[in-house]
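Residue numbers (full-length UniProt numbering): 1 to 295.
Each residue gets a CB set at the ideal place from its N, CA and C atoms; glycine is no exception.
Okay, structure first, notes after.
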């Protein structure tokens with residue numbers, strides 16, 4: 001079990017160096033664990049050297065099986081805790097990036113509520129791309145996911161949490177930044193390159209109807225970098241872009257009426273039924289949303 005845990009951590013942190021702090025072990029000790037694991041299995045799991053860390057074909061299979069087994073053991077521990085009327089185990093939660101500035105999605109408040117009660121639960125909080133959230137949910141690597149889900153699976157149950165407003169921005173170094181509103185129209189912005197987030201499937205470009213000179217990014221930070229470069233225009237969640245608007249590094253073209261809302265949902269697997277620790281955390285999310293609405 002120790003070898004399996006060490007191996008999975010090395011894979012998930014991209015190599016021995018990245019796994020050191022997570023495991024609290026030295027690099028030579030980690031290397032010894034991996035070597036012993038390979039000896040017991042009878043074949044190499046990974047390649048390590050000047051070219052960096054990578055898994056062998058058999059190593060990829062072993063990693064998937066080990067992760068499944070470790071997740072099952074963690075879930076079994078939670079089940080035993082439920083029989084003892086105790087919250088225990090590991091709560092595995094997946095989120096999209098940069099939700100911390102979204103005041104309509106009080107995840108931090110929900111976590112505070114969860115840990116305000118007596119429990120022995122550890123939490124694994126993963127920030128993933130929206131397309132990865134559903135995959136990790138279906139494989140059991142996470143218990144629940146919170147994000148934007150354009151394509152919905154019949155094997156997953158979704159519940160609405162809130163809406164997120166997106167506005168259209170340019171950076172301070174962009175040619176349009178200093179122009180008055182009356183000189184900036186839809187036709188004007190179509191003349192400039194625009195950046196779009198791939199997971200939105202061009203939902204953000206529907207009102208602009210622009211298909212060429214588009215950059216594609218996988219997360220909001222990459223989108224913000226392209227916009228602040230002054231080379232691209234693009235959409236960002238209003239709460240996330242506010243910091244650059246206030247500092248004078250971005251400008252929102254609100255007069256073009258391009259704002260749109262995306263739906264944030266909480267997703268859990270339809271089967272098997274969520275464990276008790278997952279159900280409790282979901283209730284804490286709902287309580288945090290209700291408290292915020294009342295405030």
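Have a look at the DSSP bridge pairing and note the partners of residue 30. None; residue 30 has no bridge partner.
From the DSSP output, read off the bridge partner residues of residue 236. 167
State the DSSP-derived secondary structure class of residue 56, mapped to helix, strand or coil. coil
Out of curiosity, what's the CA-to-CA distance linking residue 175 and residue 46? 50 Å
Following the continuous alpha helix (DSSP H) through residue 148, name the residue where it begins and the one where it ends. Run containing residue 148: none; DSSP gives neither H nor E here.
Considering only the beta carbon of each residue, do residue 71 and residue 141 sit closer than 8 Å? yes
Using the three-state DSSP reduction, which class does residue 259 fall into: helix, strand or coil? coil
Taking 8 Å as the threshold, find out whether the segment 262-274 comes into contact with the segment 146-160 through three or more Cβ pairs. yes
Stretch-stretch touch, CB-based, cutoff 8 Å, three pairs: the segment 283-295 with the segment 102-119: yes
With 16 as the cutoff for other CB atoms within 10 Å, does residue 87 come out buried or exposed? buried
Sub-8 Å separation of residue 230 and residue 196 beta-carbons: No, these two residues do not count as a Cβ contact at 8 Å.
State the start and end residues of the unbroken beta strand (DSSP E) segment that holds residue 135. Taken as a continuous stretch (DSSP letters only), residue 135 belongs to no beta strand (DSSP E), being part of the alpha helix (DSSP H) at 130-138.
Just confirm the distance between the C-beta atoms of residue 171 and residue 249, as a whole number of angstroms; I'd bet it's less than 8 Å. At roughly 6 Å, the Cβ-Cβ gap stays under 8 Å, so residue 171 and residue 249 are in contact.
Is it buried or exposed for residue 42, if we count other Cβ within 10 angstroms and need 16 for buried? exposed
Whole-angstrom Cβ separation of residue 53 and residue 16, contact assumed at under 8 Å? 7 Å
Using only alpha-carbon positions, find the residue among 24, 194 and 264 that is nearest to residue 150. 264
Can you list, in chain order, the residues of its chain with a C-beta nearer than 6 Å to that of residue 238? Leave out the 5 residues immediately preceding and following it. 165 and 167
Excluding the 5 residues preceding and the 5 following residue 122 in the sequence, name in chain order all residues of the same chain whose CB lies nearer than 7 Å to its CB. 90
Whole angstroms are fine: how far does the CA of residue 285 sit from the CA of residue 295? 15 Å
Using the Cβ count rule (16 or more neighbours within 10 Å means buried), how would you classify residue 163? exposed
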